[in-house]
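K.L.:
Can you read through this structure? Questions will come right after.
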Amino acid sequence: MPEVLEKPVSSMDRGIVLEPLTPTIGAEVQGIDLSTIPGEGTLAALREALLEYKVLFFRDQDISTQEHLAFAKQFGELEVHPFAPHKEGYPEVLAITHDRDSKGRENKWHSDVTWRECPSLGSILRAIEVPPVGGDTLFSDSYAAYEGLSDEVKEKIEGKVAVHDFAHFRKLMAKRGKTAEEIEEMNRKYPEVEHPVVRTHPETGRRGLYVNAAFTQYIVGMERGESDRLLQHLYAQAAIPEYQCRFRWEKNSIAFWDNRACQHYAVSDYWPAVRRMERVTIIGDRPR
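Using this note's numbering, the first residue of the sequence shown is number 356, and each one after it goes up by one.
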């Protein structure tokens with residue numbers, strides 16, 4: 356079972372206060388204004404909090420796109436997503452809008468861009484417009500998902516690697532009329548990659564499941580049927596409520612999650628209402 360945090364509310368010097376959402380994952384950060392870049396002490400406290408809680412939430416942050424980018428850059432280099440639409444003039448900012456003509460489709464447990472050789476360290480999502488009810492995002496602790504497995508399953512996946520691919524985006528490209536040559540160019544640019552089924556976090560040293568239903572294709576060295584059955588079991592761990600927290604969005608709310616330590620699921624229960632978000636993603640390292 357996952358480690359249970361002792362403190363219901365923790366005060367971290369430099370003026371910020373953390374209020375955990377659950378014993379294993381998620382905390383709201385209070386006492387901070389992201390319209391200006393926090394000082395080094397506060398940034399260090401935020402990095403420490405992200406490692407402990409896996410996802411941080413901020414309320415009432417009426418910030419600009421430039422301020423959103425400036426905050427994200429304090430944690431690393433930013434990626435440009437090659438498939439998703441970006442905000443005009445800002446290639447690093449994903450524009451994620453769903454309305455009557457575009458139903459939400461992120462309702463599958465996943466960690467961002469695991470089809471990259473060096474997937475995301477973290478993502479910072481800002482709510483621009485939210486439905487009156489619905490459209491929550493769930494987050495699941497990947498450490499807890501691994502630690503809760505039986506010894507038999509842990510032994511079966513020890514040392515295994517799995518193939519990750521942008522298959523979903525490839526289908527979208529074809530649907531949008533991209534030519535076979537254009538799709539093949541993306542295949543060459545972003546070939547299938549292998550990542551460990553159990554990843555060791557580069558900063559905490561903790562082990563967590565690193566397969567997801569959106570991008571993982573199969574486990575290398577296993578018969579395909581066995582691989583499929585095992586992956587379905589591993590995917591299902593993210594759906595265990597004891598490993599999760601759930602965030603209800605408000606306008607100007609921000610979520611900052613560690614893609615190395617958790618998965619997320621955007622609930623698509625608000626159609627035909629509008630949900631408009633902007634996401635900035637921090638480049639990570641090669642999973643080990």
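Built from N, CA and C at the ideal position, the CB exists for glycine as well.
All values derive from a computational prediction rather than experimental measurement.
1) Have a look at V635 and A568 and give me their C-alpha separation to the nearest angstrom.
2) Taking the straight line between their C-alpha atoms, what separation do you get for A535 and F611?
3) Mapping DSSP to helix, strand and coil, what is E655?
4) So, with DSSP's three-state summary, where would you put S497?
5) Straight-line CA distance for E477 to M577?
6) Helix, strand or coil, according to DSSP, for T469 in the structure here?
7) Could you tell me the distance, in whole angstroms, from the CA atom of Y431 to the CA atom of D640?
8) Apply the 10 Å Cβ neighbour rule to K509 and answer buried if 16 or more other Cβ atoms are within range, or exposed otherwise.
9) Tell me the residue span of the alpha helix (DSSP H) that contains S478.
10) Compute the Euclidean distance between the alpha carbons of P622 and Y573, then round it to the nearest angstrom.
11) Which partner residues of G563 appear in the DSSP bridge assignment?
12) Within 8 Å, do at least three Cβ pairs link the region 379-388 to the region 412-423?
13) Opposite K442 in the DSSP bridges: which residues?
14) In three-state terms, what does DSSP make of Q429?
15) Note the first and the last residue of the continuous alpha helix (DSSP H) segment covering I638.
16) Buried or exposed: which applies to E434, given that a residue is buried once 16 or more other Cβ atoms fall within 10 Å of its Cβ?
17) Which residues mark the beginning and the end of the alpha helix (DSSP H) in which I512 is found?
18) To test your reading of the DSSP string, which unbroken alpha helix (DSSP H) runs of 4 or more residues are found completely within the region 560-615?
19) Specify, as a first and last residue, the run of the beta strand (DSSP E) that L373 falls within.
20) Which residues in the same chain as P627 place their Cβ atom closer than 7 Å to its Cβ, once the five residues preceding and following it in sequence are excluded?
21) Within this structure, are the beta carbons of D520 and E547 separated by less than 7 Å?
P.N.:
Let's see:
1) What you label residue 635 is simply residue 280 of the sequence shown in a count that begins at 1. What you label residue 568 is simply residue 213 of the sequence shown in a count that begins at 1. Approximately 22 Å, taken between the alpha carbons.
2) Position 180 of the sequence shown holds residue 535. Position 256 of the sequence shown holds residue 611. Approximately 36 Å, taken between the alpha carbons.
3) Examination of residue 655 is not possible in this model, given that the chain is present from 356 through 643 alone.
4) The sequence position of residue 497 within the sequence shown is 142, counting from 1. Helix at S497.
5) Position 122 of the sequence shown, counted from the start, is the residue given in the question as residue 477. Position 222 of the sequence shown, counted from the start, is the residue given in the question as residue 577. At residue 477 the sequence reads Gly, which differs from the Glu that was named. Spanning the two alpha carbons is a distance of roughly 30 Å.
6) Position 114 of the sequence shown, counted from the first residue, corresponds to residue 469. In this structure, T469 counts as coil in the three-state DSSP scheme.
7) Position 76 of the sequence shown, counting from 1, holds the residue named residue 431. Position 285 of the sequence shown, counting from 1, holds the residue named residue 640. One point to set straight first is that residue 431 is Gly, not Tyr, in the sequence displayed. Taking the straight line from one Cα to the other gives about 11 Å.
8) Counting from 1 along the sequence shown, the entry for residue 509 is found at position 154. Burial call: exposed.
9) Walking along the sequence shown from the start, residue 478 turns up at place 123. Taken as a continuous stretch (DSSP letters only), S478 belongs to no alpha helix (DSSP H), being part of the beta strand (DSSP E) at S475 to E484.
10) Reading the sequence shown from its first residue, position 267 is the one you call residue 622. Reading the sequence shown from its first residue, position 218 is the one you call residue 573. Note that residue 622 is Val in the sequence shown here, rather than Pro. If I take the Cα positions, the gap works out to 26 Å.
11) Along the sequence shown, read from residue 1 onward, the residue named residue 563 stands at position 208. G563 is bridged to R554.
12) yes
13) Position 87 of the sequence shown, counted from the start, is the residue given in the question as residue 442. DSSP output for K442 lists Y445 as bridge partner(s).
14) Residue numbering aside, residue 429 sits at position 74 when the sequence shown is read from its first letter. Helix at Q429.
15) Indexing the sequence shown from 1 puts residue 638 at position 283. No alpha helix (DSSP H) contains I638, which is instead part of the beta strand (DSSP E) from R630 to I638.
16) On the sequence shown, position 79 is the one that residue 434 refers to. The residue in question, E434, is buried, as its Cβ has 16 or more Cβ neighbours within 10 Å.
17) Locating residue 512 in the sequence shown gives position 157, where the first residue counts as 1. I512 -> alpha helix (DSSP H) spans D506 to I512.
18) 579-591
19) Walking along the sequence shown from the start, residue 373 turns up at place 18. Looking at the DSSP string, the run of the beta strand (DSSP E) that includes L373 is I371 to P375.
20) Position 272 of the sequence shown holds residue 627. Answer for P627: D454 and R455, listed in chain order.
21) Position 165 of the sequence shown, counted from the start, is the residue given in the question as residue 520. Position 192 of the sequence shown, counted from the start, is the residue given in the question as residue 547. A contact, by the Cβ cut-off of 7 Å.
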